[in-house]
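Residue 227 in the UniProt record's numbering sits at position 227 of the sequence shown, with consecutive numbering throughout. Heads up, the beta-carbon is just placed ideally off N, CA and C, and yes, glycines get one too. The block underneath contains the structure these notes are about, expressed in structure tokens.
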Amino acid sequence: MTSFSPQDTNDKVGSSSESALSELLSIMRTLRDPKHGCDWDKQQTFASIVPYTIEEAYEVADAIDKGDMADIRDELGDLLFQVVFYAQMAQEQEAFAFDDVVKGICAKLRRRHPHIFADESGSVASVEKGQWEKIKAQERMAAGKSTDNSILAHVPKGMSPLLRAQKLQQKCAKSGFDWPELQPVLDKLQEEIEEVMAEVDAPNPEQAAIEDEIGDVLFSVVNLARHVNVDAQTALRRASNKFEQRFRQVELIAQQKGQAVHETSLDELETFWQQAKGLSK
């Protein structure tokens, strides 16, 4: 009788994964082949595919929000392809290869989890408050990167505005620069809304000033979301999805009445909207 162990299963899964990944890397090399590759893929650069990478990340989030595992699998594949794409272009420039990306993240995860992975002596490091940030700071110093010592250093400016606002606030909160209660957060939001209206109602309203005040309102809304443990991006994405679903229902109701939305009065559209809200509950 042939013996069997869980390790056998792990080996088979690992072998299958390596084979699939090798195929993906091979496909990427073919697509970028100077002679026989795809014209579109060959023209791409690091900068040109950034928008696609961001889009794919949002599509992963959307699939997760829907709870569709098949869709999540497909979208994760699209996101993985983006990583492979960057690695292939880097390899062509003799900068780094896909294996270097994998080795780098493996080393980083072990380095940043000393309380999980034993050190050379075999003991497990104790976890200190703020240890994660300390380790990241040590990594930046070792790499000779910026010595910016601000609490807000290294919050990428390329993040989506909502996420960046949230990150900046979280960084400040960790240093104690934060309201301990909800009421001041609400008061600040109301204050910012009033300042928007003051600019809008000014004798000679300035668009730049209105924009500035609306920015403050949005920043305050993110702060409110953070204080009640809500992810602002997730909340806005779901609100947008809900709006889309209801507006599509409004269009359907209008169509059933032989009307087009642009030909329907605002009062009647409001009636349709309330009907759509009732249907979506």
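- Judged by DSSP in its simplified three-state form, Asn-149 adopts coil rather than helix or strand.
- For Ser-160, the three-state secondary structure derived from DSSP is coil.
- Asn-223: member of the alpha helix (DSSP H) spanning 207-227, first to last residue.
- With fewer than 16 other beta carbons inside 10 angstroms of its own, Met-69 counts as exposed.
- Minimum Cα-Cα distance from Asp-41 among the listed residues Ala-47, Val-50, Met-28 corresponds to Met-28.
- Here Asp-201 carries a coil assignment [DSSP, helix/strand/coil].
- Residue environment for Asn-223: buried (at least 16 other C-beta atoms within 10 angstroms of its C-beta).
- Take the alpha-carbon of Asn-204 and the one of Gln-190: they are about 23 angstroms apart.
- Rounded to whole angstroms, the separation of the alpha carbons of Glu-199 and Ala-209 is 7 angstroms.
- Look at Arg-32 here: in three-state DSSP terms it is coil, with no helix or strand label.
- The Cβ neighbour count for Ile-253, taken over all protein chains shown within 10 Å, is at least 16; the residue is labelled buried.
- By alpha-carbon distance to Ala-63, the top candidate from Arg-237, Ser-280, Gln-91 is Arg-237.
- The closest CA to that of Phe-247, considering only Gln-274, Gly-258, Thr-234, is found on Gln-274.
- If the five residues before and after Glu-195 are omitted, its C-beta is found closer than 6 angstroms to the C-beta atoms of Glu-213, all from its own chain and listed in chain order.
- The three-state reading of DSSP puts Thr-234 in helix, counting H, G and I together.
- Selection His-227, Val-50, Lys-167, Ile-193 evaluated against Leu-182 yields His-227 as nearest (Cα-Cα).
- In this structure, DSSP gives Ser-16 a helical state, which the three-state scheme calls helix.
- DSSP, read as helix, strand or coil, puts Asp-68 in coil.
- Each of Ala-61, Ser-280, Ala-225, Glu-251 was checked against the Cα of Lys-242, and the nearest Cα belongs to Ser-280.
- Apart from the 5 residues on each side of it in sequence, Phe-46 sits with its Cβ closer than 7 angstroms to the Cβ of Tyr-86, Met-89 in its chain, given in chain order.
- Taking the Cβ atoms as the reference, Glu-244 lies roughly 28 angstroms from Asp-216, outside the contact range of under 8 angstroms.
- The Cβ atoms of Gln-82 and Glu-56 lie closer than 7 angstroms to each other.
- For Asp-178, no alpha helix (DSSP H) segment is defined, and its DSSP state is neither H nor E.
- Taking 8 angstroms as the upper bound for CB-CB distance, Ala-61 and Leu-162 are not in contact here, some 13 angstroms apart.
- When the five nearest sequence neighbours on each side are left out, the beta carbons in the same chain lying within less than 7 angstroms of the beta carbon of Lys-188 are those of Ser-220, in order along the chain.
- With contacts defined as CB atoms closer than 7 angstroms, Val-185 and Lys-167 fail to qualify as a contacting pair.
- The beta carbon of Thr-53 sits closer than 6 angstroms to those of Gln-82, all from its chain and outside the five residues before and after it, given in chain order.
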